[in-house]
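Report on the following structure.
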Amino acid sequence: MSDHLNLTLKVWRQRNAGTPGKFVEYPAKNIPTDCSFLEMLDIVNETLVQKNEEPIAFDHDCREGICGMCSLVINGVAHGPERATTTCQLHMRHFKDGDTIYVEPWRAMAFPLIKDLVVDRTALDRIQQAGGFISARNGSAPDSNCVPIPKQNADCAMDAAACIGCGACVAACPNSSAMLFVSAKVSHLALLPQGQPERTQRALKMVKTMDAEGFGNCTNYYECEAVCPAEIKSSFISMLNREYVFASAKDAVSVI
Amino acid sequence: MATLDSKIPSGPIEKKWAKHKFESKLINPANRRKYTIIIVGSGLAGASAASSLGEMGYNVKCFCYQDSPRRAHSIAAQGGINAAKNYPNDGDSVQRLFYDTVKGGDFRAREANVYRLAEVSSAIIDQCTALGVPFAREYGGLLANRSFGGAQVSRTFYARGQTGQQLLLGAYSGLCRQIAAGTVTMYPRTEMLDLVVVDGQAKGIVTRDMITGKIEAHAGDTVVLATGGYGNVFYLSTNAKGCNVTATWRAHKKGAFFANPCYTQIHPTCIPVHGDYQSKLTLMSESLRNDGRVWVPKKKEDCGKPPGEIAEEDRDYYLERKYPSFGNLAPRDISSRAAKQVCDEGRGVGSTKLGVYLDFSDAIKRLGENTIRERYGNLFDMYHKITAEDAYKVPMRIFPAVHYTMGGLWVDYNLMSNLPGLHVLGEANFSDHGANRLGASALMQGLADGYFVIPATIGNYLATQSGKKVTTDHPEFVKAVEEVKARTEKFLSIKGNRSVDSFHRELGLLLWEKCGMARTEQSLKEALARIPQIREEFWKNVNVLGESNDLNQSLEMAGRVADFLEFGELMCLDALERRESCGGHFREEYQFPDGEAKRDDEHFAHVAAWEYVGDVAKSVRHTEPLVYENVHLAVRSYK
Chain X
1 MSDHLNLTLK
11 VWRQRNAGTP
21 GKFVEYPAKN
31 IPTDCSFLEM
41 LDIVNETLVQ
51 KNEEPIAFDH
61 DCREGICGMC
71 SLVINGVAHG
81 PERATTTCQL
91 HMRHFKDGDT
101 IYVEPWRAMA
111 FPLIKDLVVD
121 RTALDRIQQA
131 GGFISARNGS
141 APDSNCVPIP
151 KQNADCAMDA
161 AACIGCGACV
171 AACPNSSAML
181 FVSAKVSHLA
191 LLPQGQPERT
201 QRALKMVKTM
211 DAEGFGNCTN
221 YYECEAVCPA
231 EIKSSFISML
241 NREYVFASAK
251 DAVSVI
Chain V
1001 MATLDSKIPS
1011 GPIEKKWAKH
1021 KFESKLINPA
1031 NRRKYTIIIV
1041 GSGLAGASAA
1051 SSLGEMGYNV
1061 KCFCYQDSPR
1071 RAHSIAAQGG
1081 INAAKNYPND
1091 GDSVQRLFYD
1101 TVKGGDFRAR
1111 EANVYRLAEV
1121 SSAIIDQCTA
1131 LGVPFAREYG
1141 GLLANRSFGG
1151 AQVSRTFYAR
1161 GQTGQQLLLG
1171 AYSGLCRQIA
1181 AGTVTMYPRT
1191 EMLDLVVVDG
1201 QAKGIVTRDM
1211 ITGKIEAHAG
1221 DTVVLATGGY
1231 GNVFYLSTNA
1241 KGCNVTATWR
1251 AHKKGAFFAN
1261 PCYTQIHPTC
1271 IPVHGDYQSK
1281 LTLMSESLRN
1291 DGRVWVPKKK
1301 EDCGKPPGEI
1311 AEEDRDYYLE
1321 RKYPSFGNLA
1331 PRDISSRAAK
1341 QVCDEGRGVG
1351 STKLGVYLDF
1361 SDAIKRLGEN
1371 TIRERYGNLF
1381 DMYHKITAED
1391 AYKVPMRIFP
1401 AVHYTMGGLW
1411 VDYNLMSNLP
1421 GLHVLGEANF
1431 SDHGANRLGA
1441 SALMQGLADG
1451 YFVIPATIGN
1461 YLATQSGKKV
1471 TTDHPEFVKA
1481 VEEVKARTEK
1491 FLSIKGNRSV
1501 DSFHRELGLL
1511 LWEKCGMART
1521 EQSLKEALAR
1531 IPQIREEFWK
1541 NVNVLGESND
1551 LNQSLEMAGR
1561 VADFLEFGEL
1571 MCLDALERRE
1581 SCGGHFREEY
1591 QFPDGEAKRD
1601 DEHFAHVAAW
1611 EYVGDVAKSV
1621 RHTEPLVYEN
1631 VHLAVRSYK
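Chain order of the listed sequences is X and V.
1 is the number of the first residue of the first sequence in my numbering; add one for each residue after it.
1001 is the number of the first residue of the second sequence in my numbering; add one for each residue after it.
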């Protein structure tokens, strides 16, 4: 039932951060159109093992578009050509027989390369550790219904909270900015009543850590929004900017 | 001879947990930082345990194989989390959630544990809300609920089709706070490869840094495993690619009993297999069965026709027909088996004939496409991405797939294994779901264990360990490190002709055929004869390229597959010895004339806990009788 494709891959291979990398060409033969991009790489890796060549290293885990572990810049686009789609959910039916496909890692100063297509994204964890939480001591929570939350606020918070933390926004941004990622977390918590007590400090600390980790600034290219698999809207960046301005002003006069 | 003491507190069931908490040993807040707790896994159970124990003041080390704790596979749970809040005022209670869970588990779970689970369920929702989890709300601002299989009340809380994601990110945010506070040290991209036992007590682990390949020992006062289930033994499952049995299997080989490994949940609503290149299966949330109707054509000759051309009277809505009171929301094991039956009769749909329809056309007519989109939009999108079909226009095609494993390491009421010092949480333990788990109960159990149970019970062990610290220069640690290093080098030295993946696929296919949705004595004996042969060939003919002191994904997989090749044998052994059908374990020899599972309470109302004695084939089967004082053992009927 499924058709098959013959493709040429140009894959970035790099031993480690200290060794120069390069594109290496591999044929990808007889690839079923119903398989996913990562399954296509599995097939190529299987042929490499048969030839005693070390397989291509790439990050992946859930393969259903939610864990955020997979990455890859495919033909210059983070997560490839389909909108709102992670690489693991990109299927080969979106390619044509005979295509040449360039496969690269996320490239950003704050994401040091580990090997081949695998990069280190722990900078995103450190931003979250700086303040991306509500300090709710376990055991102290009031009944969930004691503070009603208007549906539109809860829905909007959920839109932001849907971020999968993959880092495609950073990979796509000419400035390697992580503003979309940071704005999603700051907005999610700022939109909820539970998030109010730490709202000011959260915005200040997360933005400060983002800068310290070496991410660039936002200059409104909106490339992040275009590649985001979770469809996080760039309007959250506007919200982050407002949060940050108010937080800075409050901080300047010591009103926390 | 080891004995299994479940340590279930005496007294009436509704007072057991309160009594046990009062009688449990406490660790003085000032002394907690002197205790090091090693937690392996950062899913719902691991992350909630790490953040809670860190917050209490313990010194916690948390390990995960992913690049960030936020990626653990709890994140993929879609539909929801149960809690006995009774917000919809439809008759729910702790007692009812308890009863539904025991019945749903086909009367093979431990009553006291299940009651406690139901008892703490409401507090989980409150804790998650406080952490900022954006649960679905009604226009009045209060929390919304929906229905799930095996229940006649609406007790499931949800965040669109991404409930697991939101709960995990909530637990992860709490973990981040503790990492920043310095109470938890996080070790991402670090895989546990062995457990270290000193003087009969679990005192540490051996890990491999997946970037540098460094093999290292970590010592602590207790070890907590929250490493999930073993579904990937089947190769194709809805688990993440990295999910594995290594941590629990290594602990088993060091003395922890493995309980009920034959209990595997085959989820009824997954996207059917479409090719031999396939690397995993994708679940379509059970919540879809709130509005979707399951059917196949009545006549075989209609199976090739487009579904729209099959008249209403020629469709067999078999779940509604067979189980009128639960209908499309019959529990997972029953729905899966019913799908298998209609496909076995030749009435399956799709190119492989291994599929049934899940049809939303009636719901769309009744509620409009927008309401359906709001409820399940992301699931319809996912279905479209994978199959290129629009489920708003044509029915989804679904088929059962391996999803969850009820079996796991044996634990007592404190969630401690028979191996002192080893605690096991979440899917990795065996205790709460019996032979079948109800939908939306895995998230509940993971968080119950991590947020509320282990913080109260871990003191019972730690209080006995004052002044008994061991360090990694102890000979047991040195030996364990050497063994792991030797094993790692062994994989690389074989230089055979087959990839790791090819062995994993072969094992998985064998288990699906012989120990999948239906098992027989003969099929299990065939599997038990074949598995050692595959294992032998693996150790002679596997080809693992690359080096040990580098990121090496083939090497990582080799270790996991080697353990699956041993574990699979134990699973079949357990399935062979359990001569009855119950929940997810269906032995064809034991069924009623209408095809329903036939339990044997006289001989099998017990937990089977296996002891490793140096050879899987010779494993010793211990039993813990299941005593039902509050629930009447009955034939499980959803008719």
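Using N, Cα and C, we set each Cβ at its ideal position, and we do this for glycine too.
Please classify residue i as buried or exposed, where buried requires at least 16 neighbouring CB atoms within 10 angstroms.
i	result
Ala1018/V	exposed
Met1001/V	Below a pLDDT of 50, predicted positions are generally treated as unreliable, and Met1001/V, at 46, falls in that range; the measurement from the model is reported next regardless. Classification of Met1001/V: exposed, given that the 10 Å Cβ count is below 16.
Met1/X	Unreliable placement is indicated for Met1/X, whose pLDDT of 42 sits below 50; the coordinate value is still reported in the next sentence. Under this definition Met1/X is an exposed residue.
Arg1071/V	buried
Cys146/X	exposed
Glu1589/V	exposed
Phe1022/V	exposed
Ser177/X	buried
Ala78/X	buried
His257/X	Given a span of 1 to 256 for chain X in the structure shown, any question on residue 257/X remains unanswerable.
Pro1272/V	buried
Ile1124/V	buried
Lys1299/V	exposed
Gln1641/V	As displayed, chain V neither begins before 1001 nor continues past 1639, which places residue 1641/V out of reach and without an answer.
Gly1368/V	exposed
Phe23/X	exposed
So with CB distances below 7 angstroms, who are the chain X contacts of residue i?
i	result
Met1557/V	Within chain X, no residue comes near Met1557/V; the closest Cβ sits about 10 angstroms away, beyond 7 angstroms.
Ile1211/V	Ile114
Asn1145/V	Under the 7 angstroms cutoff, chain X gives no residues; its nearest Cβ is about 11 angstroms from Asn1145/V.
Ser1154/V	Near Ser1154/V there are no residues of chain X at all, since even the closest Cβ is about 15 angstroms away, more than 7 angstroms.
Glu1138/V	Lys151
Give the residues of chain X in contact with residue i, contact being defined as C-beta atoms less than 8 angstroms apart.
i	result
Pro1420/V	Chain X residues near Pro1420/V: none, gap ~26 angstroms exceeds 8 angstroms.
Thr958/V	The structure shown has nothing for residue 958/V, since chain V only spans 1001 to 1639.
Tyr1158/V	Within chain X, no residue comes near Tyr1158/V; the closest Cβ sits about 11 angstroms away, beyond 8 angstroms.
Would you mind giving the Cβ-Cβ distance between residue i and residue j, rounded to the nearest angstrom? I have them listed as a contact below 8 angstroms.
i	j	result
Ile1364/V	Tyr1383/V	Incorrect: roughly 15 angstroms between the Cβ atoms, too far for contact.
Gly138/X	Glu1055/V	Contrary to the premise, residue 138/X reads as Asn rather than Gly in this sequence. Contact holds; Cβ gap of about 6 angstroms.
Cys169/X	Cys224/X	4 angstroms
Phe1503/V	Val1561/V	6 angstroms
Leu1626/V	Arg1110/V	6 angstroms
Val73/X	Glu104/X	4 angstroms
Phe1567/V	Trp1249/V	5 angstroms
Closer than 8 angstroms by beta-carbon distance: list the chain V residues that pair up with residue i, in chain order.
i	result
Asp61/X	Gln1066, Arg1071, His1073, Ala1240, Lys1241 and Gly1242
Met92/X	Per Cβ cutoff of 8 angstroms: no residues; Met92/X is ~10 angstroms from chain V at best.
Asn52/X	Asn1543 and Leu1545
Pro32/X	Gly1275 and Tyr1277
Ala252/X	In chain order: nothing, as chain V lies at least about 24 angstroms away.
Name the two residues that bound the continuous alpha helix (DSSP H) containing residue i.
i	result
Ile1454/V	Ile1454 to Leu1462
His1603/V	Asp1601 to Phe1604
Glu198/X	It is not in any alpha helix (DSSP H) - Glu198/X carries neither H nor E in the DSSP assignment.
Gln1445/V	Ala1442 to Leu1447
Trp1017/V	Ile1013 to Glu1023
List the endpoints of the continuous beta strand (DSSP E) containing residue i.
i	result
Val1653/V	Past the boundaries of the shown model lies residue 1653/V; chain V is included only from 1001 to 1639, so the question cannot be answered.
Asp1243/V	Just to set this straight, residue 1243/V is Cys in the shown sequence, not Asp. From DSSP, Cys1243/V is part of no beta strand (DSSP E); its letter is neither H nor E.
Pro1297/V	Arg1293 to Pro1297
Asp1209/V	Gln1201 to Asp1209
Glu1191/V	Thr1190 to Val1198
Shorter than 9 angstroms from the beta carbon of residue i to some beta carbon of chain B?
i	result
Ala157/X	In the structure shown, chain B does not exist; the protein chains are X and V.
Given the structure, does residue i come close to the ligand FAD, in the sense that its CB is under 8 angstroms from one of the ligand's heavy atoms?
i	result
Val1411/V	Summarising the ligand content, the structure contains no ligands, and the ligand FAD is consequently not present.
Which residues in chain X sit within 9 angstroms of residue i, going by Cβ to Cβ distance?
i	result
His1132/V	Going by the sequence as given, residue 1132/V is Gly instead of His. Those are Phe133, Ile134, Ala136, Ala157, Ala161, His188, Leu189, Leu192, Gln194 and Gly195, listed as they occur along chain X.
Strictly below 9 angstroms CB to CB, what residues from chain V border residue i?
i	result
Ile232/X	Those within 9 angstroms of Ile232/X in chain V number zero; the least Cβ separation is about 13 angstroms.
Given that residue i touches chain V, what residues does it touch there, using C-beta distances under 7 angstroms?
i	result
Ala57/X	Leu1551 and Gln1553
Note to self: Between the segment 72-88 of chain X and the segment 225-239 of chain X, can you find at least three pairs of beta-carbon atoms closer than 8 angstroms?
What the structure shows: yes
Notebook entry, point to check: Should the segment 1238-1249 of chain V be called in touch with the segment 1213-1223 of chain V, which here means at least 3 C-beta pairs below 8 angstroms?
Noted result: no
Checklist line | Contact between the segment 109-125 of chain X and the segment 54-66 of chain X (3+ Cβ pairs under 8 angstroms) | finding: yes
Checklist line | Given 8 angstroms, three or more beta-carbon pairs between the segment 1419-1427 of chain V and the segment 1436-1452 of chain V | finding: yes
Notebook entry, point to check: Per the contact definition of three or more C-beta pairs closer than 8 angstroms, is the segment 1162-1171 of chain V in contact with the segment 1093-1108 of chain V?
Noted result: no
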